[in-house]
Each structure stands twice: as structure tokens, then as C-alpha cells.
Ligand SMILES: Nc1ncnc2c1ncn2[C@@H]1O[C@H](COP(=O)(O)OP(=O)(O)O)[C@@H](O)[C@H]1O
Ligand SMILES: [Mg+2]
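Numbering (our numbering), first residue to last: 258 to 509.
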């Protein structure tokens, strides 16, 4: 994505934003609340239209005019609020879009078998006959990711995926992401939990007030460096102030 601009009314949400994601890369997008992370990803998925700029896939300019076009191009978003049908089975959810567009007889046993295999391919064992409403939030997320893979997603966008997960579930999500990486899927991972990003991301892009302030490898920077890029000033300028407060507290 190159030089992306987007305003909502008078509010500039993105200004000349650029991000470049490679195949098989876990790319974190980091920034404070309201920095423009979701807006940038909604433009990529086709949910929002950019005012200016260019999006290219495999070097070719693309016009992602709707979420439908985005999905056709292999871009899938996993949202915090899940978009599954609770009263359908795991397999039905995974193949829902195929089913609704298909004519003729559905081979159910084949459908259940391939859903089970697809779930296994990312390292899970969930009964494809289970009802989605009976699954934990973490397992529902697994079904959503599997659904995206069934639609041949090449770019998977996860917007604050761990907000709804317990610690152990987060670990398992990271395992999935590493497996997707081996399958050459690109993962764009939005989070403000820097500790997670440092563990899972190959590269991170930092955004502040709609402007990209840097793209760095976690091995090249410290948490403080990233926070500085998020808030736009050096953390050390806070230091004398903190020491002052500390001194006052200690004398009291
Ligand atoms: N649909 C919208 N209508 C109006 N303003 C929006 C809309 N979506 C986002 N914004 C504004 O754009 C800016 C960036 O928001 P967002 O992309 O959601 O940030 P982030 O995901 O980094 O928290 C914010 O100022 C937000 O209020
Ligand atoms: Mg957001």
C-alpha cells in the first residue's frame, strides 16, 4: 500500500501511509488508539475506499472496490466480533459461502471430511459436526481462520485478536500464525500489546496520527524505541519528570 490518504469529513485518518507485506511474513501494525490501524486495514480489505494512493498485489495495482473483491483477491479479515453463524456446524460455517453459491447436490460427507482436514492443517482437532455456538471464543476464532483458508486467503488480517483470548489461547493462536507462515500466508497483526508483538512478529510498522513513523524488525529495536515512535517523542524526556515525582514521594 503506497501513499494512502483517507479522511472522514474533516478528520484526516491516514496521510501518505505506506506498508509493504511479504509472503509468509507476520507483520505487526502498531499504534495508539485512533492512530488509523483499522482504517488502513479496512481499505486493504475493501470495507473502506481510499481517497488517494495505490494498493498493489504481486506488483499489480488492484482496485479493491468492496469486501467481496477483497476476498476474491485473497484478503481475509478476522474481526474481534466474530462473523460466524452460531446455529450452524463448524463445517457448514467453513463452507458457507461455497454452499450458498453452489447449485445441485451437496456431498455432505466430503464436506465434513475436508472441513476436519482443514482444521487439522492448522494444528487443531475440532469436530466439524459441532455447533459453533457450543465452541469457546478461541475455537470460534480457529473456525474463522479455517474459513478464510478455505477461501484461499493469502493475506490474513487480525485486528486485536488476543483481546478476547486467555493467555493459553493466545499461545495457540501464535502457533497457528507460525503454521500459516509456513504455508506462505501473510499475516497482518494489529495489536497494542508490545510484548506479544516482540514475540510473534517478523517485522512491525508503527503508525501515529495517520502517519507511518517506521517499519522495523523487533530484533533491531527496544520496546522504548517503539513506544517513542507510537507517541512521537523520546521516553527519556519523561525521565526527569518521573524522577522529580519520585523524589517528592520519597521525601514525604
Ligand atoms: N467510519 C468512520 N467515520 C468517522 N471517523 C472514523 C471512522 N473510522 C475511523 N474514523 C476515525 O479515524 C481515525 C482512525 O481510526 P481507526 O482506524 O479506528 O484507529 P485505530 O484502529 O488505530 O484505533 C480516528 O480518528 C477515528 O475516529
Ligand atoms: Mg482499531
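Glycine included, every Cβ here is placed at the ideal spot set by N, Cα and C.
Bear in mind the structure is a predicted one, so any value in this text is a computation, not a measurement.
Quiz item: DSSP beta-bridge partners for residue 264?
Solution: The bridge partners DSSP lists for residue 264 are 269.
Quiz item: Hey, out of 475, 393, 466, 476, whose CA is closest to residue 269's CA?
Solution: The residue among 475, 393, 466, 476 with its C-alpha nearest the C-alpha of residue 269 is 466.
Self-check item: Run of the alpha helix (DSSP H) containing residue 405, from where it starts to where it stops
Solution: Per DSSP, the unbroken alpha helix (DSSP H) holding residue 405 starts and ends at 394-407.
Practice problem: Note down, one range per segment and in chain order, each alpha helix (DSSP H) of at least 4 residues found wholly within the stretch 337-383. | Solution: Runs of the alpha helix (DSSP H) inside the stretch 337-383: 347-351, 353-358, 365-378.
Quiz item: Is residue 417 helix, strand or coil when you go by DSSP?
Solution: DSSP places residue 417 in the coil class of the three-state scheme, outside both helix and strand.
Quiz prompt | Alpha-carbon to alpha-carbon, residue 362 and residue 438 | solution = Distance from the CA of residue 438 to the CA of residue 362, rounded to the nearest whole angstrom, comes to 35 Å.
Practice problem: Taking the CB atoms as reference points, tell me whether residue 307 and residue 263 lie closer together than 7 Å. | Solution: Against a cut-off of 7 Å, the Cβ pair of residue 263 and residue 307 comes out as a contact.
Exercise. Run the CB neighbour count on residue 350, radius 10 Å, all protein chains shown included, and call it buried at 16 or more, exposed below.
Key: Under a 10 Å Cβ-count criterion, residue 350 is classified as buried, with 16 or more other Cβ atoms of the shown protein chains found around its own Cβ.
Quiz item: So is residue 333 buried or exposed if we call it buried at 16+ other beta carbons inside 10 Å?
Solution: Classification of residue 333: buried, given that the 10 Å Cβ count is 16 or more.
Practice problem: Find the nearest neighbour of residue 271 within the set 294, 283, 357, 392, judged by alpha-carbon distance. | Solution: By alpha-carbon distance to residue 271, the top candidate from 294, 283, 357, 392 is 294.
Quiz item: Looking at the structure shown, is residue 311 part of a helix, part of a strand, or coil, going by DSSP?
Solution: Here DSSP, grouped into helix, strand and coil, assigns residue 311 to strand.
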